[in-house]
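Enquirer: I have a structure here, written as structure tokens, and I will follow up with some questions on it.
Protein chains in written order, with our numbering: chain D, 32 to 374; chain V, 7 to 313.
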């Protein structure tokens with residue numbers, strides 16, 4: 032089969048690789064009909080996520096048709112159309128039983144590697160480094176999906192692939208980011224990053240009752256897109272290359288600051304000013320793994336007692352975390368990968 | 007549990023009836039279910055006795071007296087370096103080399119029998135929770151063939167009798183195999199399972215699996231202790247640390263696999279084409295080295311921040 036194979040920094044190739052086979056009774060094989068490049072795939076492309084190996088197959092947003100099922104699969108049949116969520120979950124451990132599928136205890140075969148860095152290992156992910164399990168990803172013609180009876184969910188014939196593909200990652204990630212903000216009617220939410228997750232976070236925040244959503248990015252087309260299908264005046268785009276974000280947010284919130292801030296950017300944030308240059312230099316010298324430009328801005332901008340929601344991917348360590356601001360403003364930080372799996 | 011009561015308990019349960027001296031040694035080295043001082047890394051800053059501190063200070067001072075006037079020569083610089091290190095050892099009472107090898111010459115350290123030729127037991131400890139009842143977990147651990155599936159290098163298990171079995175280990179290239187006799191030494195229904203490997207050899211490995219009900223329904227905590235007593239004192243212990251495949255990481259991986267077997271009925275694998283035995287989920291020594299370097303870099307970044 033053909034697959035998108037990682038070969039190193041900014042070196043990704045479409046190559047012929049062996050077809051996957053069933054390994055465990057709960058496995059299924061999915062013939063991929065549609066797949067996407069996630070913003071977080073760029074971190075792999077830029078080689079800032081550790082433990083990628085030459086030959087790894089990328090992709091964690093995909094859907095397709097079930098073409099093989101293991102002996103233990105009861106809820107799916109060959110020919111079913113499924114969307115596959117990116118965290119792999121066993122469905123049996125403490126975390127799966129408490130709807131925290133992204134923290135599954137059993138799906139990361141390289142858990143001890145992640146434990147060295149994080150203390151405890153998160154769930155395995157398709158095509159996202161060996162620390163996250165080393166699973167071949169979905170930017171391929173076929174994928175082996177472990178625990179096929181837990182994550183993948185059937186899609187009816189009445190909807191197209193394009194309508195449902197985003198259920199595997201970006202839509203629920205954006206929704207969870209907004210949900211983590213514990214939005215109340217009348218709240219103002221600021222979203223950094225108007226990529227796919229940011230766009231869904233904007234829509235979700237409005238859906239959950241936010242009065243206004245301020246979107247911060249530097250790409251005009253993305254900022255324009257955030258205005259589409261939203262009630263006039265409730266989404267305010269801000270280009271951070273044209274405005275001082277701290278002053279603009281103060282102005283837009285009556286000097287109080289946004290009630291909650293969402294970081295839909297992650298570890299490779301761009302920015303302007305000395306802090307951004309400092310982060311770029313330290314990352315280039317391998318003295319820090321993540322560039323927390325957006326995080327620092329959010330913590331500074333958020334109102335007292337507000338919430339910081341982080342759906343953007345971070346991998347390791349950041350310097351100069353403004354813990355003083357977090358403590359003295361009483362901020363809540365809620366972070367993490369997509370938790371819910373439709374069952 | 008106090009140290010004395012732990013000793014009494016292990017003495018009571020061990021099946022060996024050899025000489026008193028041997029029994030005392032075993033009481034000292036056999037694993038206990040409760041954590042002891044030796045379960046945790048050295049916490050005291052002082053590991054050099056007063057006499058050694060004075061000697062280090064005097065010798066270090068002497069070396070500096072020679073080295074400072076001869077600073078521009080190589081012997082002078084070497085002398086200075088050694089002098090500073092010895093003087094620091096004498097002033098602080100801490101020797102990093104002793105610390106590395108687990109030696110403690112202070113009276114407190116001697117109480118723990120940590121002389122150079124004394125046995126230097128190595129202990130690994132890990133606790134893991136599983137969403138299965140104590141009964142199920144105990145039954146699972148009783149089936150040595152099932153447990154062996156969680157060990158990456160065990161080829162097969164031959165049962166000798168109810169208590170003893172032979173585990174056939176094999177290197178990853180499947181060139182060398184070696185048998186290890188395992189004997190169950192304590193079997194408390196639903197609570198504890200203790201075993202010893204190579205009971206007839208001077209190189210003993212003891213293990214205990216203790217089962218406790220977890221705070222949630224149908225949840226069991228598995229507390230694992232592995233106690234290794236290599237021969238030849240500190241030398242054997244050091245060689246064991248450097249060469250032995252029985253490491254904390256290996257123990258973690260085995261427990262993860264046991265948990266996967268218990269909770270899902272199979273061992274999770276990300277391999278596409280390895281059907282029966284999962285030999286190297288990371289795939290080759292080059293990738294292992296690369297991953298290790300990545301992880302070490304991230305750990306060192308973290309340590310620098312903590313310090």
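Glycine included, each C-beta is placed from N, C-alpha and C at the ideal position. Predicted, not measured: the structure shown is a model, and the values here were computed from it.
Please list, in chain order, the residues of the stretch 260 to 276 of chain V that have any C-beta partner in chain B closer than 7 Å.
Expert: As a matter of chain content, chain B is missing from the structure shown, whose protein chains are D and V.
Enquirer: Pick helix, strand or coil for residue 322(D), following the three-state DSSP scheme.
Expert: Strand at residue 322(D).
Enquirer: Can you check which of these residues, 97(V), 155(V), 255(V), 245(V), is closest to residue 62(V) by C-alpha distance?
Expert: Selected option, being the one with the closest Cα: 97(V).
Enquirer: Between the Cα of residue 77(D) and the Cα atoms of 89(D), 214(D), 155(D), which residue gives the shortest distance?
Expert: That would be 89(D), whose Cα lies nearest to the Cα of residue 77(D).
Enquirer: In chain order, what residues of the stretch 196 to 224 of chain V put their CB closer than 8 Å to some CB of chain D?
Expert: Under the 8 Å Cβ criterion, the stretch 196 to 224 of chain V contributes 222.
Enquirer: For chain V, find out if any of its Cβ atoms is closer than 7 Å to the Cβ of residue 130(D); answer yes or no.
Expert: With 7 Å as the cut-off, residue 130(D) does not count as an interface residue toward chain V.
Enquirer: Counting only C-beta atoms, is residue 171(D) closer than 7 Å to chain V at any point?
Expert: Answer no: the Cβ-Cβ gap between residue 171(D) and chain V never drops below 7 Å.
Enquirer: Would residue 139(D) and residue 155(D) be called neighbours here (beta carbons separated by less than 7 Å)?
Expert: Against a cut-off of 7 Å, the Cβ pair of residue 155(D) and residue 139(D) comes out as a contact.
Enquirer: For residue 90(V), which residues in the same chain have their Cβ closer than 8 Å to its Cβ, ignoring the five residues on either side in sequence?
Expert: For residue 90(V), where only same-chain residues beyond five positions count, the Cβ hits under 8 Å are 66, 70.
Enquirer: For the 8 Å Cβ check, are there 3 or more pairs between the stretch 123 to 131 of chain D and the stretch 40 to 51 of chain D?
Expert: Because the criterion of three Cβ pairs below 8 Å is not met, the stretch 123 to 131 of chain D and the stretch 40 to 51 of chain D do not touch.
Enquirer: Using a Cβ cut-off of 7 Å, pull out every chain D residue sitting near residue 255(V), in sequence order please.
Expert: What residue 255(V) touches in chain D: 143.
Enquirer: What span of residues does the beta strand (DSSP E) with residue 236(V) cover, start to end?
Expert: Counting along the chain, residue 236(V) falls outside any beta strand (DSSP E), and DSSP gives it neither H nor E.
Enquirer: Give the residues of chain D in contact with residue 137(V), contact being defined as C-beta atoms less than 7 Å apart.
Expert: Within chain D, the residues near residue 137(V) are 123, 124, 125, 128.
Enquirer: Within the continuous alpha helix (DSSP H) that includes residue 69(D), where are the two ends?
Expert: It is not in any alpha helix (DSSP H) - residue 69(D) carries neither H nor E in the DSSP assignment.
Enquirer: How would you call residue 103(V), buried or exposed, if buried means at least 16 neighbouring beta carbons within 10 angstroms?
Expert: Exposed: under 16 other Cβ atoms inside 10 Å.
Enquirer: Across which residues does DSSP place residue 270(D) in a beta bridge pair?
Expert: Paired residue(s): 248(D).
Enquirer: Which class does residue 187(V) belong to by DSSP, given the choice of helix, strand or coil?
Expert: Three-state DSSP puts residue 187(V) in a strand.
Enquirer: Quick one: what does DSSP say residue 72(V) is sitting in, helix, strand or coil?
Expert: Helix.
Enquirer: Since residue 244(V) and residue 131(V) should fall inside the 8 Å C-beta cutoff, what is the C-beta to C-beta distance between them, to a whole number of angstroms?
Expert: Contact doesn't hold; Cβ gap of about 20 Å is too wide.
Enquirer: So, with DSSP's three-state summary, where would you put residue 96(D)?
Expert: Three-state result, residue 96(D): strand.
Enquirer: Tell me whether residue 362(D) sits in a helix, a strand or coil according to DSSP, three-state version.
Expert: Three-state DSSP puts residue 362(D) in coil, outside helix and strand.
Enquirer: For the alpha helix (DSSP H) that contains residue 148(V), what are its first and last residues?
Expert: Residue 148(V) -> alpha helix (DSSP H) spans 140 to 148.
Enquirer: For chain D, check one thing: does any of its Cβ atoms lie closer than 7 Å to the Cβ of residue 258(V)?
Expert: Yes, because at least one Cβ of chain D sits closer than 7 Å to the Cβ of residue 258(V).
Enquirer: The alpha helix (DSSP H) that contains residue 254(V), what's its start and end?
Expert: From DSSP, the alpha helix (DSSP H) with residue 254(V) extends over 254 to 270.
Enquirer: For the structure I just gave you, are there three or more beta carbon pairs, one from the stretch 187 to 206 of chain D and one from the stretch 317 to 330 of chain D, closer than 8 Å?
Expert: Judged by Cβ distances under 8 Å, the stretch 187 to 206 of chain D makes no contact with the stretch 317 to 330 of chain D, as fewer than three pairs qualify.
Enquirer: Measure the alpha-carbon distance for residue 230(D) versus residue 68(D) and round it to whole angstroms.
Expert: Each residue's Cα considered, the two are about 16 Å apart.
Enquirer: What are the boundary residues of the beta strand (DSSP E) that residue 173(D) is part of?
Expert: Here the beta strand (DSSP E) through residue 173(D) covers 173 to 176.
Enquirer: Between 110(D), 92(D), 93(D), which lies nearest to residue 376(D) when the distance is taken from Cα to Cα?
Expert: No answer is possible for residue 376(D): the residues shown for chain D start at 32 and end at 374.
Enquirer: What is the DSSP secondary structure of residue 283(D), reduced to helix, strand or coil?
Expert: In this structure, residue 283(D) counts as helix in the three-state DSSP scheme.
Enquirer: Please go through the stretch 32 to 86 of chain D and give each complete beta strand (DSSP E) segment of 3 or more residues, from N-terminal end onward.
Expert: Counting only runs of 3 or more, we get 33 to 39, 42 to 47, 59 to 67.
Enquirer: Show which residues of chain V have a CB atom less than 7 Å away from the CB atom of residue 166(D).
Expert: In chain order: 276.
Enquirer: What does the Cβ neighbour count give for residue 169(V), buried or exposed, with the cut at 16 atoms within 10 Å?
Expert: Per the 10 Å Cβ criterion, exposed.
Enquirer: Say whether the stretch 264 to 275 of chain D touches the stretch 210 to 218 of chain D, bearing in mind that this needs 3 or more beta-carbon pairs closer than 8 Å, one atom from each stretch.
Expert: Judged by Cβ distances under 8 Å, the stretch 264 to 275 of chain D makes no contact with the stretch 210 to 218 of chain D, as fewer than three pairs qualify.
Enquirer: Run down chain V in chain order and give the residues with a C-beta less than 7 Å from the C-beta of residue 155(D).
Expert: The answer, in chain order, is 276.
Enquirer: Would you say residue 365(D) and residue 340(D) are within 7 Å of each other, going by their C-beta atoms?
Expert: Yes; because the gap between Cβ atoms is below 7 Å, this pair is in contact.
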